[in-house]
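Chemist:
Number of protein chains: 2
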Amino acid sequence: MGPVSSNLDPEVADRLRRNEAGLVPAVVQEHGTGQVLMLAWMDDEALHRTLTTGRATYWSRSRQEYWVKGETSGHVQHVRSVAVDCDGDTLLVTVEQTGAACHTGNHTCFYTDLKVGQ
Amino acid sequence: MGPVSSNLDPEVADRLRRNEAGLVPAVVQEHGTGQVLMLAWMDDEALHRTLTTGRATYWSRSRQEYWVKGETSGHVQHVRSVAVDCDGDTLLVTVEQTGAACHTGNHTCFYTDLKVGQ
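Quick note, the sequences are listed as chains A and B, same order.
Each residue of the first sequence is one higher than the one before, starting from 1 at the first, in full-length UniProt numbering.
Each residue of the second sequence is one higher than the one before, starting from 1 at the first, in full-length UniProt numbering.
1) Do the CB positions of Leu16 (chain B) and Val28 (chain B) come within less than 8 Å of each other?
2) Taking only three categories from DSSP, how would you classify Arg49 (chain B)?
3) Using a Cβ-Cβ distance under 8 Å, would Val12 (chain A) count as near chain B?
4) Give the list of continuous alpha helix (DSSP H) stretches no shorter than 4 residues that lie fully inside the segment 9-41 of chain A.
5) Let's test the definition: count the other Cβ atoms within 10 Å of the Cβ of Gln97 (chain A) and tell me whether it reaches 16, buried, or not, exposed.
6) Would Gln29 (chain B) pass as an interface residue toward chain A - the criterion being a Cβ-Cβ separation below 8 Å?
7) Counting only Cβ-Cβ distances shorter than 7 Å, please list the residues of the segment 79-97 of chain B near chain A, keeping chain order.
8) Which bits of chain A does Asp44 (chain B) rub up against, with CB to CB less than 9 Å?
9) Just to confirm before moving on: does the CB-CB distance between Leu114 (chain A) and Val12 (chain B) stay below 8 Å?
10) Quick check on the burial criterion: 16 or more other C-beta atoms within 10 angstroms. Buried or exposed for Ala83 (chain A)?
11) Let me know the secondary structure DSSP gives Gly2 (chain B) once reduced to three states.
12) Tyr66 (chain A) lies in the beta strand (DSSP E); which residues open and close that run?
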């Protein structure tokens, strides 16, 4: 279970298959461009807050606290939709991204390509 | 570390921050449509095979074995590009998807929307 008890809709909670820390990965995709911006983690309460406030909210594994994306940077994420995958262990969050999603200042966290091929 | 020792390029291996099972999540996105298809897991050797063969290869946590996507279903993924994120703990794999990515027959695993809003 997550770090705090949650008000998440029980029907949604029943769908989730969490890891041993009570978390599921959330893939964050930009509405319109389709760019994959980042991956973060949610527990039940982070998902509840995301669904009810429309502001993307994650669980910070390093700081062990809830984290409303953009709260300090201003680089907020307005949530357009949230989907759960076929086996309930991953979320896909579609957002309108203000500014850069990445703490490095890059728009996406995935700016380093690896070499494919022999 | 991953389940087997790997021939992964040491420079790439140095970038990776693996979980306690030696794995990193791989977000799989369809080239062209931009659709996010699925999330799977890679250890160093799965990434090495993906990069060198151009065929998306994952580590199956349930079966505890390597899994060349589409090997049994025919729904193969030809890899266009692989990116690692800013802190090295997530991969983004861009693929040309043959058939459905999801074992349910859906094109994407993310076909169940949750309700956003009050």
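Where a beta carbon is used, it is the ideal one built from N, C-alpha and C, also for glycine.
Modeler: Let's see:
1) Stepping through the second sequence from its first residue, residue 16 (chain B) is reached at position 16. Stepping through the second sequence from its first residue, residue 28 (chain B) is reached at position 28. Contact: no.
2) The residue labelled residue 49 (chain B) in the question sits at position 49 within the second sequence. In this structure, Arg49 (chain B) counts as helix in the three-state DSSP scheme.
3) For this step, residue 12 (chain A) is matched to residue 12 along the first sequence. Chain B contact via Cβ: present.
4) 10-15
5) Counting from one through the first sequence, the residue named residue 97 (chain A) turns up at place 97. Per the 10 Å Cβ criterion, buried.
6) Taking the second sequence and counting its residues from 1, the one referred to as residue 29 (chain B) is at position 29. Yes, its Cβ sits closer than 8 Å to a Cβ of chain A.
7) Val79, Ser81, Val82, Ala83, Val84, Asp85, Cys86, Thr90 and Leu92
8) Your numbering for residue 44 (chain B) matches position 44 in the second sequence. In chain order: nothing, as chain A lies at least about 12 Å away.
9) What you label residue 114 (chain A) is simply residue 114 of the first sequence in a count that begins at 1. What you label residue 12 (chain B) is simply residue 12 of the second sequence in a count that begins at 1. Yes, they are a contact pair.
10) On the first sequence, residue 83 (chain A) is found 83 positions in, with the first residue counted as 1. Its Cβ being crowded by 16 or more others within 10 Å, Ala83 (chain A) is buried.
11) Here residue 2 (chain B) is taken as the residue at index 2 of the second sequence, counted from 1. Residue confidence for Gly2 (chain B) is low, a pLDDT of 45 falling below 50, so the modelled location carries little weight; the figure read from the coordinates is stated next. It is coil, neither helix nor strand.
12) Position 66 of the first sequence holds residue 66 (chain A). Here the beta strand (DSSP E) through Tyr66 (chain A) covers Glu65 to Val68.
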